[in-house]
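Asks: According to the working numbering, the residues represented by the sequence shown are 12 to 183, in order.
Below is the structure I would like to discuss, written out as structure tokens.
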Amino acid sequence: DLVAVLERKLGENKAQLEERHKIIADATLPIFFKGHNLNGGNPIKAALEQLTNKSSLKRNLPNFGIANPDTALIDPYTACYLGLTGLAYSIANHPTKFQLTTETRTIISNWLSEVRSPSYMTIGTDEGGQLIRTTGEDIANHFKQLMDGLQIILDSTDTAYPRLYNLPEQLT
Numbered sequence: 012d013l014v015a016v017l018e019r020k021l022g023e024n025k026a027q028l029e030e031r032h033k034i035i036a037d038a039t040l041p042i043f044f045k046g047h048n049l050n051g052g053n054p055i056k057a058a059l060e061q062l063t064n065k066s067s068l069k070r071n072l073p074n075f076g077i078a079n080p081d082t083a084l085i086d087p088y089t090a091c092y093l094g095l096t097g098l099a100y101s102i103a104n105h106p107t108k109f110q111l112t113t114e115t116r117t118i119i120s121n122w123l124s125e126v127r128s129p130s131y132m133t134i135g136t137d138e139g140g141q142l143i144r145t146t147g148e149d150i151a152n153h154f155k156q157l158m159d160g161l162q163i164i165l166d167s168t169d170t171a172y173p174r175l176y177n178l179p180e181q182l183t
């Protein structure tokens, strides 16, 4: 039976799963470090895993900086947080001008395109070793607010271009 073979193969490495759980539950590691370690090639997936996993122990958000800045830069983790909480719905009307780097814009756009594809599907096992399948439709149903929020962020932000200072001529 193909399902039984997949469940066995995907669930074989218990030590790897335990190490993954240990990293997620470590309150001393910053959320970005955890995410990069677990899903370094996919910052949106990394952020979502950290922000939606009930065993992920999160540090308090920093409370420093300028109270009402003229501009603010949004990174992939912040974009996911704003999307998940619904705060993204108000950024177009906020007095702060929000910006994305070209890289962050590409990361968000690519993730949305990928999960909106009719052929998108992932498989894995749950904690009990049962095979689970996730399609783009599943993500659209469970994360509609997030997906809408990410689209609002893409549509409502300007692109920030880095200012280059004190770089050798070869790099400019």
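Yeah, the Cβ is synthetic: ideal placement off N, Cα and C, and Gly gets one too.
Measure how close the beta-carbons of threonine 146 and methionine 158 come, nearest whole angstrom, since I'm counting them as under 8 Å.
Replies: By one-based count along the sequence shown, residue 146 stands at place 135. By one-based count along the sequence shown, residue 158 stands at place 147. The pair is not a contact, with the Cβ atoms about 14 Å apart (cut-off 8 Å).
Asks: Can you list the alpha helix (DSSP H) stretches of 4 or more residues lying completely in the stretch 52–82, in chain order?
Replies: You should have 54–63.
Asks: Taking only the alpha-carbon atoms, compute the straight-line gap between aspartate 166 and alanine 103 and give it to the nearest angstrom.
Replies: As a position in the sequence shown, residue 166 is number 155, starting the count at 1. As a position in the sequence shown, residue 103 is number 92, starting the count at 1. Approximately 9 Å between the Cα atoms of the pair.
Asks: Return helix, strand or coil for alanine 103, following the three-state DSSP convention.
Replies: Taking the sequence shown and counting its residues from 1, one reaches residue 103 at position 92. DSSP places alanine 103 in helix when its eight states are reduced to three.
Asks: Report the residue ranges of all alpha helix (DSSP H) runs contained in full by the stretch 79–154; include only those spanning at least 4 residues, in chain order.
Replies: Counting whole runs of 4 or more residues, the stretch 79–154 contains the alpha helix (DSSP H) stretches 87–96, 113–127 and 147–153.
Asks: Under the rule that 16 or more other beta-carbon atoms within 10 Å means buried, what is serine 128, buried or exposed?
Replies: Translated into the one-based positions of the sequence shown, residue 128 becomes position 117. That one is exposed.
Asks: Closer than 8 Å is the cut-off here; do at least three beta carbon pairs connect the stretch 34–51 with the stretch 135–142?
Replies: Too few Cβ pairs lie closer than 8 Å, so no.
Asks: May I ask you to check if the CB of glycine 135 is nearer than 6 Å to at least one heavy atom of the ligand MG?
Replies: With respect to the ligand MG, the structure offers nothing, as it holds no ligand at all.
Asks: Label leucine 4 either buried or exposed according to how many other C-beta atoms from any shown protein chain fall within 10 Å of its C-beta, with 16 as the threshold for buried.
Replies: Because the chain spans 12 through 183 in this model, residue 4 falls outside it and cannot be assessed.
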